[in-house]
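The block underneath contains the structure these notes are about, expressed in structure tokens.
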Amino acid sequence: MSSEAGGAVSLELEPERNAQSHALARALVAHLAAAGVRNVVLCPGSRSAPLAYALADAERAGLLTLHVRVDERSAGFVALGIATVHGTAAVVTTSGTAVANLHPAVLEASHAGRGLVVVSADRPAELRGTGANQTTQQPGIFGAATRYDADLPADTPLTSVRGTVARALAAARGAITRDPGPVLLNVQFREPLGPPPERALPAVVAGAKPIAVQAAVASVHYVPCVLDAAPRTVVIAGDGAGHEIAEVAERAGWPLLAEPSSGARTAYSVTRYRDLLSTPIVDRVERVIVAGHPTLSRPVSKLLATTDAEIVIVSPGPRWTDVAAAATRVVPAIEVSGAADPEWLARWRRADAELAARSHPSAQQRAAEAIWRAGGNLVLGSSSTIRAFDACAHGPQPRVWANRGLAGIDGTISTAIGIAHALREPVRVVVGDLTFLHDATALVRGLHEPDVDMQVIVFDDAGGSIFGSLEYGSQPGEEFERLFATPQALSIPALARSLGADASECAPDTIANALAAPIVGRSVIRVPLERS
Numbered sequence: 159m160s161s162e163a164g165g166a167v168s169l170e171l172e173p174e175r176n177a178q179s180h181a182l183a184r185a186l187v188a189h190l191a192a193a194g195v196r197n198v199v200l201c202p203g204s205r206s207a208p209l210a211y212a213l214a215d216a217e218r219a220g221l222l223t224l225h226v227r228v229d230e231r232s233a234g235f236v237a238l239g240i241a242t243v244h245g246t247a248a249v250v251t252t253s254g255t256a257v258a259n260l261h262p263a264v265l266e267a268s269h270a271g272r273g274l275v276v277v278s279a280d281r282p283a284e285l286r287g288t289g290a291n292q293t294t295q296q297p298g299i300f301g302a303a304t305r306y307d308a309d310l311p312a313d314t315p316l317t318s319v320r321g322t323v324a325r326a327l328a329a330a331r332g333a334i335t336r337d338p339g340p341v342l343l344n345v346q347f348r349e350p351l352g353p354p355p356e357r358a359l360p361a362v363v364a365g366a367k368p369i370a371v372q373a374a375v376a377s378v379h380y381v382p383c384v385l386d387a388a389p390r391t392v393v394i395a396g397d398g399a400g401h402e403i404a405e406v407a408e409r410a411g412w413p414l415l416a417e418p419s420s421g422a423r424t425a426y427s428v429t430r431y432r433d434l435l436s437t438p439i440v441d442r443v444e445r446v447i448v449a450g451h452p453t454l455s456r457p458v459s460k461l462l463a464t465t466d467a468e469i470v471i472v473s474p475g476p477r478w479t480d481v482a483a484a485a486t487r488v489v490p491a492i493e494v495s496g497a498a499d500p501e502w503l504a505r506w507r508r509a510d511a512e513l514a515a516r517s518h519p520s521a522q523q524r525a526a527e528a529i530w531r532a533g534g535n536l537v538l539g540s541s542s543t544i545r546a547f548d549a550c551a552h553g554p555q556p557r558v559w560a561n562r563g564l565a566g567i568d569g570t571i572s573t574a575i576g577i578a579h580a581l582r583e584p585v586r587v588v589v590g591d592l593t594f595l596h597d598a599t600a601l602v603r604g605l606h607e608p609d610v611d612m613q614v615i616v617f618d619d620a621g622g623s624i625f626g627s628l629e630y631g632s633q634p635g636e637e638f639e640r641l642f643a644t645p646q647a648l649s650i651p652a653l654a655r656s657l658g659a660d661a662s663e664c665a666p667d668t669i670a671n672a673l674a675a676p677i678v679g680r681s682v683i684r685v686p687l688e689r690s
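Per this note's numbering, the very first residue in the sequence shown carries number 159; after that it's consecutive.
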């Protein structure tokens, strides 16, 4: 049974004759559901058995959706993908190294501001430091990456669980601090662990209502900073900037330089801005407005380090990107007074068009442009893949996601699976061959788990081409290939089929044909490329 968010939602608490572990687990799951956590990713384990039973009962009652994965690292990124769409999601593991395998996803959630709720089962405190099997120091295991940590003893009073969950969810959502991110609920369980003697369907229990911490958000009102449009201004939209900054730039008449995952790249944007930032046009910039988390190009980083222009950062929360500490001011929002000189924008547009006319896009870039035009839900891998889209993708923007918090290659396919589950829509994910190999086993589907409609396009250039564009690529040869490019000896289609996905290959210039077919189930398309 379920109720609307904010109502009384709970699992039946176990009678006194049942183990405390099961009562604690059911209370925790009850209050997570009551607080609005609707998706939980569970990994199998022994110490986490009470949580597994409680989650299964909660799913049968319609309180939440349960996803089961065997690999904790993948599970963390699946939950991250769900949280990217829904704001929060939980991942549950057993004790020991299982918890440590969540660390990459927790770090990405921290830097990207995702409300990932980690629930780790633990041995009771008296076993810590004794050498007991699968016992380590789990409280604080993620260090400074979490917004809130709680260590619940095995004899935690059930009446206190509600408050702990409320604090954790408030921190995960950034309800007070405007700084959402991951949280850790470490829960100690003593034996017996399973299964509880009674598995009655959940019932509403008096008092199992969420604490309305969300009300604190409604009391916060931004006072926008009003900027004169006249100074020659460019707008940098990094990852997660949002469409609002695009609207501001268009109203003011400022050039908009938007990364693919910014949510701000439109037909209005200047597409070839990375090349333009290496021309004299940049010398005339008087002000730079920065929104989101720009990470893709050194020309942008160089511009953001300038002392010859005013740097205004737009950030509604306490975290912003100012690597060179060159910012003039940080504001929560901006409004524009007046209009820019139309010749300023026209100059950027002419230069952009001239570069487009002279450009010779690579095969990877041509494929990226075709994928962009196909629309839909798009997840982009890191390194050279997202940069191929950045160099050429223009026009109406599909819905784009990317793990740009720390910009690692790990967990990209898992993240896309989580997004597909959250949206309940087909998702296309584009990755390089090494990114694919790093997370290929995420394609494995449990026999009792629902499938997702997800198409994985692998730009296979036999290694890490991103290193060829950096200083390491100045000395190509056997050492470069072994230490940096690291090409692998295997068949991507054969691997994909062994993991239960359909697989095919197509040339970069014929990919439009493959994109026309509907995305049904899990499939992998290998696009062979020459590495330049």
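Heads up, the beta-carbon is just placed ideally off N, CA and C, and yes, glycines get one too.
Model, not experiment: these values are computed from the prediction.
- If you draw a straight line from the Cα of glycine 245 to the Cα of valine 685, it comes to about 33 Å.
- Segment contact: the stretch 628 to 648 against the stretch 254 to 261, fewer than three CB-CB distances shorter than 8 Å; contact not assigned.
- In the structure shown, valine 392 adopts extended strand secondary structure according to DSSP, grouped into three states.
- Residue Pro350 holds the alpha-carbon nearest to the alpha-carbon of leucine 209 among Pro350, His451, Ala290.
- Rounded to the nearest whole angstrom, the C-alpha separation of glutamate 639 and alanine 620 is 10 Å.
- Look at glycine 590 here: in three-state DSSP terms it is strand.
- For asparagine 197, the enclosing beta strand (DSSP E) begins and ends at 197 to 200.
- Under DSSP, the beta-bridge partners assigned to proline 686 are Asp618.
- At a Cβ-Cβ threshold of 9 Å, tyrosine 426 and alanine 395 do not count as neighbours.
- Contact between the stretch 309 to 325 and the stretch 182 to 199 is present: 3 or more CB-CB pairs across the two stretches fall below 8 Å.
- Counting only runs of 4+ residues, the alpha helix (DSSP H) found wholly inside the stretch 431 to 493 occupies 431 to 434, 456 to 462, in chain order.
- Beta-carbon to beta-carbon, glutamine 296 and aspartate 280 are separated by about 5 Å, close enough to satisfy the 8 Å threshold.
- With a threshold of 16 other beta carbon atoms within 10 Å, serine 649 falls short and is exposed.
- In the structure shown, glutamine 346 adopts extended strand secondary structure according to DSSP, grouped into three states.
- A direct Cα-to-Cα measurement between glutamine 346 and glutamate 217 gives close to 23 Å.
- For glutamate 663, the uninterrupted beta strand (DSSP E) segment begins and ends at 660 to 663.
- Boundaries of the beta strand (DSSP E) around aspartate 307: 306 to 310.
- For alanine 330, the uninterrupted alpha helix (DSSP H) segment begins and ends at 319 to 331.
- Every alpha helix (DSSP H) stretch that sits fully inside the stretch 209 to 286 and reaches 4 residues is listed by chain position as 230 to 244, 255 to 258, 261 to 270.
- In the DSSP assignment, tryptophan 412 falls outside any beta strand (DSSP E) and carries neither an H nor an E.
- Serine 495 is bridged by DSSP to Asp386.
- For leucine 182, there is no enclosing beta strand (DSSP E); the enclosing alpha helix (DSSP H) has its first and last residue at 178 to 192.
- With a threshold of 16 other beta carbon atoms within 10 Å, glutamine 646 falls short and is exposed.
- Within the stretch 504 to 542, the complete alpha helix (DSSP H) runs of at least 4 residues fall at 521 to 532.
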